[in-house]
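Reading through the structure tokens given below for one structure.
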DNA sequence: CCCTGAATGTCGCAG
DNA sequence: CTGCGACGTTCAGGG
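Chains as they are written, first to last, in my numbering: chain A, 26 to 284; chain B, 26 to 284.
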């Protein structure tokens, strides 16, 4: 670890830890004043500013400014590295092969240069995903509509995978799109795409239902224009968490809000 | 700055810098072994693992593991903070009001606790955005098709904003959707939505063209099924950069590849 | 505020 | 490897 290092000492530090272009063995943290240039899928350039850089052992790079969650520049896993001294500046390159992308950082001043070992840690247990919702609705279809019989979850069609597919009490085909969060135009359109293909194949008597906690006005209008339906369902995540506590991480489940 | 601090000394350090729940004055970097729980739009929980945490002066939080660009957990700008000692562990809370979201980090061991001042730095100059492409195509419509006359850029309709709108050599209306990267089903569907609304308003004689460097097979099929067109155009970013060097950051421009 | 769509999106999964 | 869609998407722009 180096605190307020000179350019030269930081160079020594990094050169020893990025041998042969390989990523560091642990997580590398560098804070300092630098200019950055990125060339790749897009291209950016910044004048000198204070940045905080993380380089991970999988070869990902994050260059952060003092605001926002998103890095100013970054590199996905797999990058290779070069370190150099030039014009009394420390140069750090990160390159990626496919697509070809480079980040070039020129540090004129450094305030931190740190390397720490980091184990992978235990896996992330998440609840409340759309996958959990599909599971819930498939196992308890009455939560959607009395008499609905789901045939498949994630029916793969030429038009893409439908979230739920089945038959209503009157024997009509039903295509269902489930959203965890508020639905917008994109989700309405997605349902429309599935239903249109199904109507072409099976005839006009195919229903399409978008199930979500909320829908935007324009998205609702679009559904109505195409004879599709919106079903408001709010999810209660707490039941899911309770269930997971008891039965382990794989046992995802949810309940409807207020059930 | 604290290196390998005790839990108690790290608590002192953080409590003094997160007064009244406010974010730190600079960027705070904490490395250590911790458990994390998140409750909000979703819910996650991790067992103990080595993490690297950044807390920014705008109240954003990033909790990184040793892999990938995306944080394991995070908080967007605006979070408020609490620090506490409990069971010989350091607790760091970050809360957000709307939507209500909390992250709770319980450190059992710390290896770094650092605060650094960071200025905002100079603005980011970016080239190669979709906005630049629209500019190029509007100013040089012959790159799309001989005789095409663009009327508007970003025509706002009830169905949303169209990238380009105009008239072809035969006087037919043309709706154009421009993509910087490969187009998929979502982009085809988006164009379909615009064109369908326009056909409803103006009659069937409306063309829709998706302009992109590449398109997926299914997306192309979907276009054809709805009488829409795909136009392959690859962008050359280098011309843009050259132009920007000369005329400053606001002067975004692009050229077609190989032009 | 909400709504909408871009993004160097990233990530994971399935074919 | 590509295609496809979810994501606690984040973010900026407009009404």
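Think of the CB as a built atom: it goes at the ideal place given N, C-alpha and C, for glycine as much as any other residue.
Quick caveat: nothing in here was measured; it's all calculated off a predicted structure.
DSSP three-state assignment for residue i, whether helix, strand or coil
i                     : result
residue 58 (chain A)  : strand
residue 71 (chain A)  : strand
residue 44 (chain B)  : helix
residue 30 (chain A)  : coil
residue 35 (chain A)  : helix
residue 168 (chain B) : helix
residue 156 (chain B) : helix
residue 180 (chain B) : strand
residue 277 (chain B) : With a pLDDT of 41 at residue 277 (chain B), under the threshold of 50, the modelled position of that residue is not reliable, and the figure given next carries that caveat. Reduced to three states, the DSSP call for residue 277 (chain B) is coil.
residue 197 (chain B) : coil
residue 268 (chain B) : The predicted model places residue 268 (chain B) with a pLDDT of 49, which falls under 50 and marks its position as unreliable, so this point remains unresolved.
residue 161 (chain B) : helix
residue 261 (chain A) : strand
residue 133 (chain A) : strand
residue 175 (chain A) : strand
residue 143 (chain A) : coil
Backbone CA spacing between residue i and residue j [nearest angstrom]
i                     : j                     : result
residue 202 (chain B) : residue 139 (chain A) : 47 Å
residue 225 (chain A) : residue 239 (chain B) : 28 Å
residue 245 (chain B) : residue 236 (chain B) : 12 Å
residue 29 (chain A)  : residue 137 (chain A) : 6 Å
residue 171 (chain B) : residue 234 (chain B) : 14 Å
residue 21 (chain B)  : residue 155 (chain B) : This structure leaves residue 21 (chain B) out entirely; chain B is present only between 26 and 284.
residue 252 (chain B) : residue 243 (chain B) : 14 Å
residue 40 (chain B)  : residue 119 (chain B) : 13 Å
residue 107 (chain A) : residue 101 (chain A) : 16 Å
residue 153 (chain B) : residue 74 (chain A)  : 23 Å
residue 145 (chain B) : residue 71 (chain A)  : 11 Å
residue 46 (chain B)  : residue 205 (chain A) : 31 Å
residue 229 (chain A) : residue 214 (chain B) : 20 Å
residue 220 (chain A) : residue 194 (chain A) : 18 Å
residue 13 (chain A)  : residue 210 (chain B) : Here chain A comprises residues numbered 26 to 284, so residue 13 (chain A) is not present and cannot be evaluated.
residue 35 (chain A)  : residue 26 (chain A)  : 10 Å
residue 158 (chain B) : residue 68 (chain A)  : 14 Å
residue 161 (chain A) : residue 232 (chain A) : 21 Å
residue 260 (chain A) : residue 175 (chain A) : 19 Å
residue 164 (chain B) : residue 124 (chain A) : 29 Å
residue 33 (chain A)  : residue 90 (chain B)  : 29 Å
residue 274 (chain B) : residue 95 (chain B)  : With a pLDDT of only 39 at residue 274 (chain B), under 50, the local geometry of the prediction cannot be trusted, and the value read off the model is given with reservation. Their backbone Cα atoms lie some 29 Å apart in a straight line.
residue 142 (chain A) : residue 48 (chain A)  : 13 Å
residue 147 (chain B) : residue 86 (chain A)  : 20 Å
Cβ-Cβ separation, residue j to residue i (assumed contact under 8 Å), whole Å
i                     : j                     : result
residue 190 (chain B) : residue 180 (chain B) : 4 Å
residue 51 (chain A)  : residue 82 (chain A)  : 6 Å
residue 79 (chain B)  : residue 77 (chain A)  : 7 Å
residue 248 (chain B) : residue 254 (chain B) : 7 Å
residue 42 (chain A)  : residue 53 (chain A)  : 7 Å
residue 114 (chain A) : residue 92 (chain A)  : With 8 Å as the limit, residue 114 (chain A) and residue 92 (chain A) do not qualify as a contact, their Cβ atoms being about 25 Å apart.
residue 109 (chain B) : residue 84 (chain B)  : Not confirmed; about 18 Å, so no contact.
residue 88 (chain A)  : residue 99 (chain A)  : 6 Å
residue 55 (chain A)  : residue 149 (chain B) : Their Cβ separation, rounded to whole angstroms, is 19 Å, which puts residue 55 (chain A) and residue 149 (chain B) out of contact at 8 Å.
residue 12 (chain A)  : residue 129 (chain A) : Summary: the structure shown does not reach residue 12 (chain A), with chain A confined to residues 26 through 284, and so no result is reported for it.
residue 133 (chain A) : residue 59 (chain A)  : 7 Å
residue 184 (chain B) : residue 122 (chain B) : With 8 Å as the limit, residue 184 (chain B) and residue 122 (chain B) do not qualify as a contact, their Cβ atoms being about 34 Å apart.
residue 192 (chain B) : residue 199 (chain B) : 6 Å
First and last residue of the uninterrupted alpha helix (DSSP H) at residue i
i                     : result
residue 247 (chain B) : 242-250
residue 223 (chain B) : 210-227
Residue range of the beta strand (DSSP E) that includes residue i
i                     : result
residue 236 (chain A) : 231-237
residue 204 (chain A) : It is not in any beta strand (DSSP E) - residue 204 (chain A) carries neither H nor E in the DSSP assignment.
residue 186 (chain A) : 185-192
residue 253 (chain A) : That residue, residue 253 (chain A), is in no beta strand (DSSP E); it is neither H nor E in DSSP.
Item to complete: Starting from the N-terminal side, write out each stretch of the alpha helix (DSSP H) that is 4 residues or longer and does not extend beyond the segment 60-127 of chain A.
Response: Entirely contained in the segment 60-127 of chain A, not one alpha helix (DSSP H) run reaches 4 residues.
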